[in-house]
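Written out below as structure tokens is the structure these notes cover.
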Amino acid sequence: MYKYIAKYLLLPKVFRFFGVVVLPSLFTGLVGFFICSYLALFVLPADATQQEIYRILFVHVPAAIFSELIYIFMACCGFIYLVWKTKISAIMLRSAISLGLVFTLIVLISGAIWGKPTWGTYWVWDARITSTFILLIQYIGLLALRTSFNTMQTTDQILSIVAIVGAINIPIIKFSVNWWNTLHQNASITFSGSSIDAEMLYVLPLMLISFGFIAFSIFGRNIQSEIIIRQGSSKKIGELING
Amino acid sequence: MIRKNRLNKIYLLGFFLIATISIVYFVLKALDKNIDLYLTPTDVIESNYEMNNQFKLGGMVKEGSVKKTDLEVEFIVTDFNEEILISYQGILPNLFKENSGVVASGSLDGNIFKAKEILAKHDENYMPVKLEEK
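As they're listed, the protein sequences go chains B and E.
Residues 5 to 247 in our numbering are what the first sequence spells out, letter by letter.
Residues 518 to 651 in our numbering are what the second sequence spells out, letter by letter.
Quick look at the structure:
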């Protein structure tokens with residue numbers, strides 16, 4: 005099975021794939037984002053307790069989901085890289101770092117903006133917020149590690165190990181609201197259903213998908229530049245760059 | 518088939534992961550109560566009001582207990598088990614209301630909690646304004 009997948013993960017093929025896919029994906033994502041923003045800001049009704057401010061949920065929640073998913077993805081890439089030594093998974097790991105960092109920043113900033121009018125404070129050292137802040141530091145750390153070693157191979161190995169170990173923070177973020185007394189409320193959407201009214205809920209998955217498309221296009225460009233850094237001098241990639 | 522040296526690597530990583538998970542687990546277990554953002558009225562009463570430091574007290578605002586005079590507010594916070602009277606001078610957050618969550622930071626003065634800051638804690642339910650009026 006490994007051989008069948010490996011055939012599609014040759015670097016020139018990946019490079020060409022993202023060359024085709026990046027712009028349409030970005031376009032779809034942006035269109036979706038603007039439609040969803042319009043729906044969230046003007047069409048949806050105000051919330052009974054939080055009035056208008058709850059609308060920031062449609063940025064806050066997708067960004068939170070992606071900040072955690074991207075980290076899990078990076079840890080998986082690191083694991084695959086360490087076991088199978090596949091270059092592409094190290095490239096994917098590196099390409100996802102900056103993306104995850106941006107999403108974590110969006111979560112923390114939108115959360116602060118949301119916190120002031122509802123809770124009465126921008127920032128409080130509550131378990132959810134602190135563990136998310138640690139996630140931000142982890143991303144910054146990975147970003148710094150990227151350029152801290154002499155050879156690509158050592159860097160990739162260190163990045164993989166750090167990503168795998170740091171993944172422990174993800175369940176802590178997820179369950180922090182259940183394990184401890186926190187100011188942050190519990191999850192609205194669980195396996196047993198959603199406590200967001202259906203009239204408002206439908207925008208959330210649409211927004212999630214739009215975020216996904218935008219993230220995917222940036223991820224693709226990161227992968228392309230990472231491939232150029234590694235193999236820019238090779239003939240095949242060179243031909244692709246010059247058209 | 519996975520080659521043997523790869524299998525060994527998977528075992529090594531698995532061992533590594535289990536080791537770190539258990540370290541983090543025991544650290545968090547040791548810190549358990551310190552991670553809590555606030556204490557509940559039950560915690561405070563179980564300790565016989567012996568708290569001389571600043572701490573945070575959280576729970577629900579008891580229905581019909583809020584008394585406002587100019588800037589001073591008095592209300593009872595409850596965890597549906599024990600209750601404590603809180604007095605506070607200052608501006609309340611928008612979402613402060615009866616039967617809703619609250620986290621107050623301050624210190625005990627006898628059996629009364631003198632709050633310096635009050636934060637509102639809201640729940641995870643979202644519903645349109647009109648639906649609630651019905």
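Note that beta-carbon positions come from the ideal geometry of N, C-alpha and C, so glycine has one too.
If you're wondering where the values come from, they're calculated on a predicted model, not measured in any experiment.
Check the Cα spacing between Ser604 of chain E and each of E:Glu615, E:Phe630 and E:Glu634: the tightest is with E:Phe630. Look at Gly124 of chain B here: in three-state DSSP terms it is coil, with no helix or strand label. The criterion of a C-beta distance shorter than 9 angstroms is not satisfied by Thr134 of chain B and Ala67 of chain B. Within a 10 Å sphere around the beta-carbon of Phe19 of chain B sit 16 or more other beta-carbons, which makes this residue buried.
Contacts with chain B at 9 angstroms (Cβ-Cβ) include Val646 of chain E. Legend: CB atoms of the region 183-209 of chain B lying less than 7 angstroms from CB atoms of chain E belong to residues Trp184, Asn185, Thr186, Leu187, Gln189, Asn190, Ala191, Ser192, Ser199, Ile200, Asp201, Glu203 and Met204.
About 18 angstroms separates the beta carbons of Gly618 of chain E and Lys633 of chain E, which is beyond the 8 angstroms limit, so they are not a contact pair. The beta carbon of Pro558 of chain E sits no closer than 9 angstroms to any beta carbon of chain B. Between Gly575 of chain E and Asn185 of chain B, the CB-CB gap stays under 9 angstroms. For Glu589 of chain E, the uninterrupted beta strand (DSSP E) run begins and ends at Glu589 to Thr595, by DSSP. One thing to note: Leu625 of chain E has its Cβ within 9 angstroms of the Cβ of Tyr566 of chain E. Remark: C-beta atoms of Ser99 of chain B and Glu230 of chain B approach each other more closely than 9 angstroms. By the C-beta density criterion, Leu139 of chain B is buried, having at least 16 other C-beta atoms within 10 angstroms. For the options B:Gly170, B:Ile222 and B:Ser238, the alpha carbon positioned closest to that of Val541 of chain E is the one of B:Gly170. Pro49 of chain B is classed as exposed because its beta carbon has fewer than 16 other beta carbons within 10 Å across all chains shown.
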